[in-house]
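Chemist: I'd like to ask you about the structure that follows.
There are 6 protein chains.
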Amino acid sequence: MANRVQEFTEFRKKMNDRILSVDNRVVKRFFGVDTLTYEPGALDTKTKEMLGLASSMVLRCDDCVSYHIMQCRELGVTLEEFFDIFSVALVVGGSIVIPHLRRAVAFLDELKNDPVQDSR
Amino acid sequence: MANRVQEFTEFRKKMNDRILSVDNRVVKRFFGVDTLTYEPGALDTKTKEMLGLASSMVLRCDDCVSYHIMQCRELGVTLEEFFDIFSVALVVGGSIVIPHLRRAVAFLDELKNDPVQDSR
Amino acid sequence: MANRVQEFTEFRKKMNDRILSVDNRVVKRFFGVDTLTYEPGALDTKTKEMLGLASSMVLRCDDCVSYHIMQCRELGVTLEEFFDIFSVALVVGGSIVIPHLRRAVAFLDELKNDPVQDSR
Amino acid sequence: MANRVQEFTEFRKKMNDRILSVDNRVVKRFFGVDTLTYEPGALDTKTKEMLGLASSMVLRCDDCVSYHIMQCRELGVTLEEFFDIFSVALVVGGSIVIPHLRRAVAFLDELKNDPVQDSR
Amino acid sequence: MANRVQEFTEFRKKMNDRILSVDNRVVKRFFGVDTLTYEPGALDTKTKEMLGLASSMVLRCDDCVSYHIMQCRELGVTLEEFFDIFSVALVVGGSIVIPHLRRAVAFLDELKNDPVQDSR
Amino acid sequence: MANRVQEFTEFRKKMNDRILSVDNRVVKRFFGVDTLTYEPGALDTKTKEMLGLASSMVLRCDDCVSYHIMQCRELGVTLEEFFDIFSVALVVGGSIVIPHLRRAVAFLDELKNDPVQDSR
Numbered sequence: 001m002a003n004r005v006q007e008f009t010e011f012r013k014k015m016n017d018r019i020l021s022v023d024n025r026v027v028k029r030f031f032g033v034d035t036l037t038y039e040p041g042a043l044d045t046k047t048k049e050m051l052g053l054a055s056s057m058v059l060r061c062d063d064c065v066s067y068h069i070m071q072c073r074e075l076g077v078t079l080e081e082f083f084d085i086f087s088v089a090l091v092v093g094g095s096i097v098i099p100h101l102r103r104a105v106a107f108l109d110e111l112k113n114d115p116v117q118d119s120r
Numbered sequence: 121m122a123n124r125v126q127e128f129t130e131f132r133k134k135m136n137d138r139i140l141s142v143d144n145r146v147v148k149r150f151f152g153v154d155t156l157t158y159e160p161g162a163l164d165t166k167t168k169e170m171l172g173l174a175s176s177m178v179l180r181c182d183d184c185v186s187y188h189i190m191q192c193r194e195l196g197v198t199l200e201e202f203f204d205i206f207s208v209a210l211v212v213g214g215s216i217v218i219p220h221l222r223r224a225v226a227f228l229d230e231l232k233n234d235p236v237q238d239s240r
Numbered sequence: 241m242a243n244r245v246q247e248f249t250e251f252r253k254k255m256n257d258r259i260l261s262v263d264n265r266v267v268k269r270f271f272g273v274d275t276l277t278y279e280p281g282a283l284d285t286k287t288k289e290m291l292g293l294a295s296s297m298v299l300r301c302d303d304c305v306s307y308h309i310m311q312c313r314e315l316g317v318t319l320e321e322f323f324d325i326f327s328v329a330l331v332v333g334g335s336i337v338i339p340h341l342r343r344a345v346a347f348l349d350e351l352k353n354d355p356v357q358d359s360r
Numbered sequence: 361m362a363n364r365v366q367e368f369t370e371f372r373k374k375m376n377d378r379i380l381s382v383d384n385r386v387v388k389r390f391f392g393v394d395t396l397t398y399e400p401g402a403l404d405t406k407t408k409e410m411l412g413l414a415s416s417m418v419l420r421c422d423d424c425v426s427y428h429i430m431q432c433r434e435l436g437v438t439l440e441e442f443f444d445i446f447s448v449a450l451v452v453g454g455s456i457v458i459p460h461l462r463r464a465v466a467f468l469d470e471l472k473n474d475p476v477q478d479s480r
Numbered sequence: 481m482a483n484r485v486q487e488f489t490e491f492r493k494k495m496n497d498r499i500l501s502v503d504n505r506v507v508k509r510f511f512g513v514d515t516l517t518y519e520p521g522a523l524d525t526k527t528k529e530m531l532g533l534a535s536s537m538v539l540r541c542d543d544c545v546s547y548h549i550m551q552c553r554e555l556g557v558t559l560e561e562f563f564d565i566f567s568v569a570l571v572v573g574g575s576i577v578i579p580h581l582r583r584a585v586a587f588l589d590e591l592k593n594d595p596v597q598d599s600r
Numbered sequence: 601m602a603n604r605v606q607e608f609t610e611f612r613k614k615m616n617d618r619i620l621s622v623d624n625r626v627v628k629r630f631f632g633v634d635t636l637t638y639e640p641g642a643l644d645t646k647t648k649e650m651l652g653l654a655s656s657m658v659l660r661c662d663d664c665v666s667y668h669i670m671q672c673r674e675l676g677v678t679l680e681e682f683f684d685i686f687s688v689a690l691v692v693g694g695s696i697v698i699p700h701l702r703r704a705v706a707f708l709d710e711l712k713n714d715p716v717q718d719s720r
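Following this line, the structure appears as C-alpha cells:
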C-alpha cells in the first residue's frame, strides 16, 4: 500500500511538471495562487490545510483529500483531529462522503508505514 | 440590512421548529448529530466552525455560510481570519464561489451593526 | 404565501413558453424527454416523482423541489411519506440540504391553503 | 467481474470496521442514522433504497450506487424498474451521469453471476 | 426588469470594491487571474466567454451566468448562439439546469431593453 | 498507455450497446438528444465540443473529459487551445479541478501515440 502513496506522489509531480511546461499564463498563475493559499497569514498553515482537507472532502475529490492529508500529517495533525475534520465533512456533505472517508482513512493508515513525500 | 440577519434568523428558527414538530426519527436524529458536530472534541468549536464555514462556501450554500459566519463571529474570528477562510474556499472552489463570497462579506458587514442571534 | 406558489407557477409557465418559442431542436427535445420521464413504466408516476423529488433535493435545486412537491402532492403523497423522502435526501446529501428542506416544508405548507396548479 | 463485487464488499466492510474502531461520537452516530434511514417507515425499505439509488446516481457516487443496487436487487427490484430509476437520474442529472450509468449496469450484470453480500 | 440588470451590476461592483479593500493577497491575486482568464490567447475572448457561460450554467451559478451573458452579448453572441450554448449546458447538466435556463433567458430578454454595464 | 485509450473506448462502446439493448424509451431518447447536441447549428461542432469539454471538466467527470478531448482533437483543437479551455475550467471550478486536469493532459499525451477511435 506504500505503493499507493508513491504512485500518487509520482504521478502528481510528473503531471504538474508537464502542465507547467506548457506556456499558459492563466494555468501557471493559478498554480502560483494555489501554493500561496496555504502560506501562513492570519491563520497558520496547519489550520489552512485543515480547511483545505474539509473542503476537498465535501467536494469529494480523492486526490485533493490525499494531498491535504499528507500536508496535515506533516504539520502534526493527530488521528483524533483528523476524525474531527472528517466528522464535519461527513455531516455537512452527507453519506455520499462515506466512500471518500473510507479511502481517506486507508490512505492515512498507509502513510504510517511510509516515508511521506511532499511537494504538491 | 439588519433585516436580512433578522429575517434569516427568524425563518430558520420557525422552520426548524416546524420540521422537528413532525415525528420523523431520521430527521430528528440528523439534527441532533448536526448539533453534536460542533461541540469541542480533539478540535475546539472555533476550529470546527471554521471548517463548517469553508465547507459551506465551497458547496455554495448561502444560508449555511451565513449561519457559520454568525457562529464564527461570536467565537472571535477576526476579519483577517475570515478572509483567510474565504481565500481557501475561493481557490479550492473557483470563481463560482465569488457570488457567494460577495453575499458572505455583505452579511458579515451587516452583523457589525446588529445584535447577533444564535440558535441554529 | 399563496403568492409564492402562484409566482413560481406563472414564471415557470411564462419562461417555458418563451424558451420553446425559440427554434432550438436540442432544447425542445430535451423538454420532451423530461416530460416522458415521469410517465408510467415499470414504476408508476408517483414513485418516479418521488425519485425526482429526492434527486432534486440532494442536488439542492429549490425550483425543482417545489415542482416535484406539487406533483407528488397531487398524486397523494402524505406528509409522513414526504418526510421519509426528505430524510433520505438529508442523510445522503448532508446538512447543506437543511436550508432547502426548510424551504420545501414551507412550500408544502403553503400548498395546503392553495389550489395547486400543474403544468411543468 | 465477480471480483469487483467481492472487492467492493470486502473493502467496504474492512474500512467501516476500521472507521468505527476510532472513538469519534459524531462519525459513529452518523453511521447509525444512515442505517436507520432505510428502515421501513411511511415508505417501505424498497422505495427508500430506490430513492437512495437515484440520489446516489445524480450525485455521481459509484460506490453508493453499487451499494444501493445490491440492496435494491435483494429487495426484488427488476431490470425494468432499475432502468426506470436510471432514466430519472439520467434526465435530472444529465449526460455526465452516463459514465456512472455504464458502471452501474456493468455492476448489475456482474451481480447476476454472483452470490450477493450485504451489510453496508 | 431593467432593475434586475442594474441591481446585479451595482451589487457586484460595490462588493468587489469592498472585497478588494481588505488586504488579502490570495483573494486579490485570484481576482487578477480571473480577469486574465478571458483575455485573448489561442482562443479569442468571445469563445472563452462562451466557455465560461456553459461552465457557469452546468454549475448552476445564476450570478455567473448573468455576468457571462452580459459579456457574450457585448461580444456579439446571437440569440441562436446563446441557445446552442444553453443546449449543451442543458444536456450535460440535466433538468436541474432548467430553472437556471429560465432565469438566464429572462435576464437576456431584459438586457435588450437596457444599456449594458460591464466591469465584472 | 495506448491501453487506457483503448480500454476507455471499448468499455464505452460495449456498455452503450448493453444499455441501448434494454427497452427503455427515456434512456434511448436521452442518448439520441445527447448525440444531436453536438451537430452543427448556430455554433459549429468544434465550438460545441469545446463547450462540452469545459462543462465536463468543471463537473469533474473524467470519462466525459476523455471523450470530448478525443472529439476536439479530431476536429483540430491544438495544444494551446486545449490549455485555454483547461484554464477557463480551472479558474471557474477551482483547485479541485487540478487532479482532473492532470489526467486530461495525460490522456491527451497518450492520444498522440495512438490511432484515435471515435463513436461515443
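Chains as they are written, first to last, in my numbering: chain A, 1 to 120; chain B, 121 to 240; chain C, 241 to 360; chain D, 361 to 480; chain E, 481 to 600; chain F, 601 to 720. Each residue gets a CB set at the ideal place from its N, CA and C atoms; glycine is no exception.
(1) Measure how close the beta-carbons of E:Asp543 and E:Phe587 come, nearest whole angstrom, since I'm counting them as under 8 Å.
(2) Between B:Arg145 and B:Phe151, what straight-line distance do the alpha-carbon atoms span, to the nearest angstrom?
(3) Using only the alpha-carbon positions, how far apart do A:Glu110 and F:Val705 sit?
(4) Let me check understanding here. Comparing Cα to Cα, which of D:Ser416, D:Asn473, D:Val451 lies closest to C:Arg269?
(5) Give the straight-line distance between the Cα atoms of F:His700 and F:Cys661, rounded to the nearest whole angstrom.
(6) So the alpha helix (DSSP H) C:Glu314 belongs to, where does it begin and stop?
(7) Figure out for me which residue from B:Leu140, B:Val125, B:Asn136 has the closest Cα to the Cα of C:Glu320.
(8) Specify, as a first and last residue, the run of the alpha helix (DSSP H) that A:Asp109 falls within.
(9) Run through chain A and tell me which residues come within less than 7 Å of E:Thr517, C-beta to C-beta.
(10) List the residues of chain C that A:Ile19 touches, going by C-beta distances under 9 Å, in chain order.
(11) Find the nearest neighbour of A:Ser55 within the set A:Gly93, A:Thr35, A:Asp23, judged by alpha-carbon distance.
(12) Let me confirm a value: A:Asp23 is counted as buried when at least 16 other C-beta atoms fall within 10 Å, else exposed. Which label applies?
(13) Alpha carbon to alpha carbon, what distance is there between B:Lys134 and E:Asp564?
(14) How big is the Cα-Cα spacing for E:Leu555 and E:Thr525?
(15) For D:Asp377, count the other beta carbons within 10 Å of its own beta carbon; 16 or more makes it buried, fewer makes it exposed. Which is it?
(16) Pick from D:Glu370, D:Gly401, D:Ile456: whose alpha carbon is nearest that of C:Ser327?
(17) From C:Ile309, C:Ala329, C:Arg244, C:Met310, pick the residue whose C-alpha is nearest to that of C:Met297; which is it?
(18) How many whole angstroms separate the CB atoms of A:Leu124 and A:Ile69, which I take to be in contact at a CB cut-off of 8 Å?
(19) So, does the CB of B:Met170 fall closer than 9 Å to a CB anywhere in chain C?
(20) Please check if any C-beta of chain F sits within less than 9 Å of the C-beta of B:Ser186.
(21) Could you give the C-beta distance for B:Arg132 and C:Arg313, rounded to a whole number, given that I count them as a contact under 8 Å?
(22) Could you check what DSSP says for B:Asn123 in three-state terms: helix, strand or coil?
(23) Report the residue from A:Lys112, A:Leu43, A:Val33, A:Thr78 whose alpha carbon sits nearest the alpha carbon of F:Ser695.
(24) Closest Cβ-Cβ distance between E:Ser536 and chain B: below 9 Å?
(25) So what does DSSP say about D:Leu419, is it helix, strand or coil?
(26) Let me know if F:Thr635 comes out buried or exposed under the rule of 16 or more other beta-carbons within 10 Å of its beta-carbon.
(27) Would DSSP call B:Ala174 helix, strand or coil?
(28) Determine the direct distance from the alpha carbon of A:Leu51 to that of B:Met170, and round the result to whole angstroms.
(29) Return the CA-CA distance between C:Glu250 and E:Val485, expressed in angstroms with no decimal places.
(30) So which residues on chain A does F:Ala689 lean against when the C-beta distance must stay under 7 Å?
(31) So A:Leu101 contacts chain D; which residues on that side make the cut at Cβ distance below 9 Å?
(32) For the region 669-696 of chain F, which residues have a beta carbon sitting closer than 8 Å to at least one beta carbon of chain E?
(33) By how many angstroms is the C-alpha of B:Leu163 removed from the C-alpha of E:Gly507?
(34) Between the alpha carbons of C:Val305 and D:Val457, how many angstroms are there, rounded?
(35) Exposed or buried, C:Thr287, counting other C-beta atoms within 10 Å across all chains shown (16 or more means buried)?
Modeler: Result, derived from the coordinates:
(1) Not confirmed; about 10 Å, so no contact.
(2) 10 Å
(3) 28 Å
(4) D:Val451
(5) 8 Å
(6) 302-314
(7) B:Leu140
(8) 98-112
(9) Val26
(10) By Cβ distance, chain C contributes nothing, its closest Cβ being about 31 Å from A:Ile19, past 9 Å.
(11) A:Gly93
(12) exposed
(13) 43 Å
(14) 8 Å
(15) exposed
(16) D:Gly401
(17) C:Ala329
(18) This structure gives no information on residue 124 of chain A, because the portion of chain A shown stretches from 1 to 120.
(19) no
(20) no
(21) Actually they are not in contact, since the Cβ atoms of B:Arg132 and C:Arg313 sit about 24 Å apart, beyond 8 Å.
(22) helix
(23) A:Val33
(24) yes
(25) coil
(26) exposed
(27) helix
(28) 7 Å
(29) 21 Å
(30) Here the premise fails: no neighbours, minimum Cβ distance about 10 Å.
(31) Met375, Ile379, Val387
(32) Thr678, Glu680, Glu681, Phe683, Asp684, Ile685, Ser687, Val688, Ala689, Val691, Val692, Gly693
(33) The sequence given here has Val at residue 507 of chain E, not Gly. Computed Cα separation, rounded: 27 Å.
(34) 20 Å
(35) buried
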